[in-house]
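Engineer:
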Amino acid sequence: MPLLEVTGLSKRFGGFVALDGIDLAINQGERVGLIGPNGSGKSTLVNCICGTLVNEAGTVRFDGEHMDGLLTHERTHRGMARSFQLPRPFVTLTVADNLRVPLLYTVNARRRHSLKPADLDARCGELLALVGLTGKAAKLPRDLTQVEMRKLELARAMAAEPKLLLADEAMAGLSQSEVDDIVSLLIRLNEGGVTIVLIEHIMRAVMRFSQRLVVLVSGKKIADGGPDSVIRDPEVERAYIGQ
Amino acid sequence: MRNGLFFLLAVAVAIAVFFGARMLNNDYVFFAGYTVLQFILLATAWNILGGYTGYVNFGSAAFFALGAYATVFFYKLYPLPIPALIVIAGIVSGIVGLGTGYLTLRLRGAFFAIATLALAVVLQTFVVNWDYVGGSRGAYIIRPTENVLTGPYIQYLFLLMLALVVLGLVCARGIERSQLGYGFATIRDDELAAEACGVPTLRLKLVATTLSGALMGMAGAPFPYYIGYLQPSSAFGLEYAVNSIAMPMIGGTTSWVGPLIGAVLLGSLQQLATVTISSAVNLLIVGLLLVGFVIVAPNGIIGLVQEHLRGKRR
Amino acid sequence: MDLSYDLLINAVIAGVLLGGFYAAVTIGVSISFGILDIVNIAHPAFIILGSYIAYILNINFGIDPILVSIVMLPVFYLLGAGIYQIYYESFERYGQESLRGLSFFFGLLFITEVLLILAFGVDYRYVEAWYIGPSWHVGVMDFPLRMLVPCIVALILFAALQLLLSQTFIGRAISAVAQDQLALRLMAASPVRIKRIAFGISIATTAVAGALLIIIQPVEPSVGREYIGRVFAICVLGGLGSLPGTVIGAMLLGILESFTATFYGPSWAPAVSFGVLLLTLAFRPAGLLGR
């Protein structure tokens, strides 16, 4: 049974059809890349899966359970996590406290006994080390560089101990080596057991990362398969050259 | 400092304030002091919702007046001791806060703000039309001249308000340092990201509105006994709405200290000003200060102090 | 049936006329809140300001209040543009509108009311014009001219704005600015400038609304606060950003209030708008014609 099953998902904004009957199945442990031209609906799809937006038609099943009607935080509790396209840190909290929030509100919600303060600190430390932000624990988000903010964004998503991570354009505006950094990080996370869907424009990163590639154009899925064959698909080429 | 210790410290300070005031042997100190204490409580209550979660309540007067009119209602029906009235007021106002929140908090923060403003007008309409509590003519409350605990009755009211202030401050500080406080801060900073992190934002917002409303109602409960003659225009007065916002905004909204500073400063200033200049000019100054601070020093006095300290450290 | 047919008909008429006036009051907010997404709760304060200006010029020089308001349109427009500039520089630019922006406008609302109290006191003020007093009778129907004339002016105002928004470049840019700032920039129009113009127009409408208000009823500084609930109730009921929706919402509210006033007493009228607002928010937040 797939971890995430999206069936016939549709979303409109007034007269504009953002998503038109999307079918998508993501299996446990996969590394899936999601690409498509600007405005093709990738972020809208993520928002609908997470519950931030409500879809007009179609269903989302996660881990066998229907997600319809569940609020975003309830979906997070069940193991879905997402990072945002433009990092959205909690600006009045320190880096460490940013990580504390999902620990307090998601991890604790799943456990019978809440984490003790010492454990909380330890986990924050582990997460910071995981993304290479040790030493920045006491800083405020506004004192971080672009790369560091994106790492914080990913670390915060990981703090919720998700089964599925939807990473929305985690690498825009980064240099080549920074991009490689993040891709390696994501592959490491995946090897640790997290299923990851990466939405990206940077083809290098997508090709290196993905075991499977899904292409969205104007709200419709036009390709879904191995990265090499999808890239050579004439429809996909047309979609991109047409831009 | 652990919250338990803070509570004891606060009680100690309160006792010191009370006996210090008694030594001055001037009833005016108690009358003016009561008003300042009332503002501290209102500002602190407002800040739990406005400062911590970022949801603005324009209708503080509504909750305050609810508490006051609950007292009037019971005065006419069956007089109860003020501490009991305070509890009742807290429950009634808390429920109204919860209700208003439930209807409007699933939508944008702006709608909640507008709803609170309209709530004040509507509640005033109800009260004006309700003859049992005096309607637009107002209601007389005959207060005892003496109280067995303190002597002059105003001192009893002052003491009660002191107790409520201690309660409010301990509450606010306790929240700030707790898991709940983190949750509130994330709602203020970025509600969407908070949800994504697993924070049940609606539930927390409802906690904030209920608590905030309840505290404001409690602030209003002793008011009829303080003032002796309660009219809708004084219970729903302009000064409550603007002060409960101006005091935290000017003092600083991110901590329990801000509303305290703002209320003490602005409250005392207004007490002095009402005696020397007209009360309308007094309110004008408050309004101008609010707009001024909001534009120039959005983090209030606390923010200015922090900036200054950070500047010195460099 | 015991119910007086006359009373019913005239309650409806009064409601429709009142609704027309409410549309004039709300149309500015339909622009600032519906299109620009700015919660200007100080809108009623500007209306009251408009009322008092109409009052001064009417009492001292005998000028017709509606004429005054037309003359004041550019002044109020500039006032609105100026306020938007301050709002933008201080808040919108940093994306921190909510708490501070709301407090800013609340402060403005408050300051305006207190200044008016200081300048004019709390006595009710009213204007005089030939159409205040007489009524136009058609059978059992009563059309008080002091309500009919404002209603007609309001509908003219609405028509003018609708034309502006749909036919002129500026107007269409304003409608677009809510939806697609990028496209706007590509059209070489600065979004900030467009928003400033829109907000200016929004405040300019209050000059007219204020004059109409003081024709319909005597005014004192705190009257503005009653209108906050009404204005946003109508906006939400009609659907944010829809001008025709605003007019329909205004008419509905006008009729509801008129019925309440006729059969239950006028002192209950302010509660109607809040009830409408709450019900709409609870059950159909997108409004009747919302986007």
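Protein chains in written order, with the numbering used here: chain A, 1 to 243; chain B, 244 to 557; chain C, 558 to 848.
By construction, the Cβ of each residue, glycine as well, lies at the ideal position given by its N, Cα and C atoms.
For clarity, every value in this text was computed on a predicted model and none was experimentally measured.
Under 8 Å, do L527(B) and V780(C) count as touching if we go by C-beta distance?
Structural biologist: no
Engineer: Pick out whichever of S815(C), K752(C) and F590(C) has its Cα sitting closest to the Cα of R351(B).
Structural biologist: F590(C)
Engineer: Does P601(C) pass the burial test, meaning 16 or more other C-beta atoms within 10 Å, or should it be called exposed?
Structural biologist: Only buried fits P601(C), as 16 or more other CB atoms lie within 10 angstroms of its CB.
Engineer: Counting only the same chain and skipping the five closest in sequence on each side, list residues whose C-beta sits under 7 Å from that of V573(C).
Structural biologist: M808, G811 and I812
Engineer: Using three-state DSSP, classify D677(C) as helix, strand or coil.
Structural biologist: Before going further, note that residue 677(C) is Phe rather than Asp in the sequence given. Of the three classes helix, strand and coil, the one that applies to F677(C) here is helix, per DSSP.
Engineer: Given a cut-off of 8 Å on the beta-carbon distance, is the pair V596(C) and A255(B) in contact?
Structural biologist: Not closer than 8 Å, so no.
Engineer: Quick one: Cα of Y644(C) to Cα of G658(C), how far?
Structural biologist: Taking the straight line joining both Cα atoms gives about 7 Å.
Engineer: Could you run through the segment 345-362 of chain B and flag, in chain order, every residue whose CB is less than 8 Å away from some CB of chain C?
Structural biologist: L346, T347, L350, G352, A353, F354, A356, I357, A358, L360, A361 and L362
Engineer: Quick check: what's the CA-CA separation for A764(C) versus S747(C)?
Structural biologist: 27 Å
Engineer: With a threshold of 8 Å on Cβ separation, who are the neighbours of G505(B) within its own chain once the five nearest residues in sequence on each side are excluded?
Structural biologist: A286, A489, M490, P491, M492, I493, G494, G495, G543 and I544
Engineer: For G344(B) and E74(A), I'd like the C-alpha separation in whole angstroms.
Structural biologist: G344(B) and E74(A) have their C-alpha atoms some 20 Å from each other.
Engineer: Look at the alpha carbon of A141(A) and the alpha carbon of T92(A), and state the distance between them as a whole number of angstroms.
Structural biologist: One point to set straight first is that residue 141(A) is Pro, not Ala, in the sequence displayed. Cα-Cα distance, rounded: 8 Å.
Engineer: Tell me, please, whether the segment 462-475 of chain B touches the segment 307-315 of chain B by the rule of three or more beta-carbon pairs shorter than 8 Å.
Structural biologist: yes
Engineer: Just reading off the alpha helix (DSSP H) that T837(C) is part of, what are its end residues?
Structural biologist: A826 to F840
Engineer: Taking DSSP as the reference, what is the three-state secondary structure of M492(B)?
Structural biologist: helix
Engineer: Please state whether DSSP places R351(B) in a helix, a strand or coil.
Structural biologist: coil
Engineer: Cβ of L423(B) within 8 Å of Cβ of L447(B)?
Structural biologist: yes
Engineer: Taking all protein chains shown into account, decide if N269(B) is buried (16 or more other Cβ within 10 angstroms of its Cβ) or exposed.
Structural biologist: Counting of Cβ neighbours within 10 angstroms places N269(B) among the exposed residues, the total staying below 16.
Engineer: Over the uninterrupted alpha helix (DSSP H) stretch that includes V279(B), give me the two end residues.
Structural biologist: D270 to T296
Engineer: Would G14(A) and A57(A) qualify as a contact pair, given that the criterion is a beta-carbon distance under 8 Å?
Structural biologist: For G14(A) and A57(A), no; Cβs fall outside 8 Å.
Engineer: For T762(C) and A581(C), I'd like the C-alpha separation in whole angstroms.
Structural biologist: 7 Å
Engineer: Verify the CB distance criterion: does Q398(B) have a CB-CB separation below 8 Å to chain A?
Structural biologist: no
Engineer: Which residues in the same chain have their Cβ closer than 8 Å to the Cβ of A109(A), if we skip the five residues on either side of it in sequence?
Structural biologist: So the qualifying residues of the chain are H77.
Engineer: Around the Cβ of G247(A), are there at least 16 other Cβ atoms within 10 angstroms (buried) or fewer (exposed)?
Structural biologist: Beyond the ends of chain A as shown, which are 1 and 243, falls residue 247(A); an answer cannot be given.
Engineer: Is the Cβ of L104(A) closer than 8 Å to any Cβ of chain B?
Structural biologist: yes
Engineer: Is R31(A) helix, strand or coil by DSSP?
Structural biologist: strand
Engineer: Return the chain-ordered list of same chain residues with a C-beta closer than 7 Å to the C-beta of E30(A), the five sequence neighbours on each side being excluded.
Structural biologist: T195, Q211 and R212
Engineer: Buried or exposed, going by whether 16 or more other CB atoms sit within 10 Å of the CB of T519(B)?
Structural biologist: exposed
Engineer: Taking the straight line between their C-alpha atoms, what separation do you get for F250(B) and I291(B)?
Structural biologist: 18 Å
Engineer: Within a Cβ cutoff of 7 Å, which residues of the same chain sit near V131(A), ignoring the five residues on either side of it in sequence?
Structural biologist: A distance below 7 Å between beta-carbons, with the five flanking residues on each side excluded, links V131(A) to the following residues of its chain, in chain order: K151, L154, A155 and L185.
Engineer: Where does E235(A) fall in DSSP's three states?
Structural biologist: helix
Engineer: Does DSSP put K11(A) in a helix, a strand or coil?
Structural biologist: strand
Engineer: Please check if any C-beta of chain B sits within less than 8 Å of the C-beta of C48(A).
Structural biologist: no
Engineer: Have a look at L86(A) and C414(B) and give me their C-alpha separation to the nearest angstrom.
Structural biologist: 36 Å
Engineer: Residues of chain B with a CB under 7 Å from the CB of V671(C): which are they?
Structural biologist: A523, L526, L527 and G530
Engineer: Check the Cβ-Cβ distances between L93(A) and every residue of chain B, and say whether any is below 8 Å.
Structural biologist: yes
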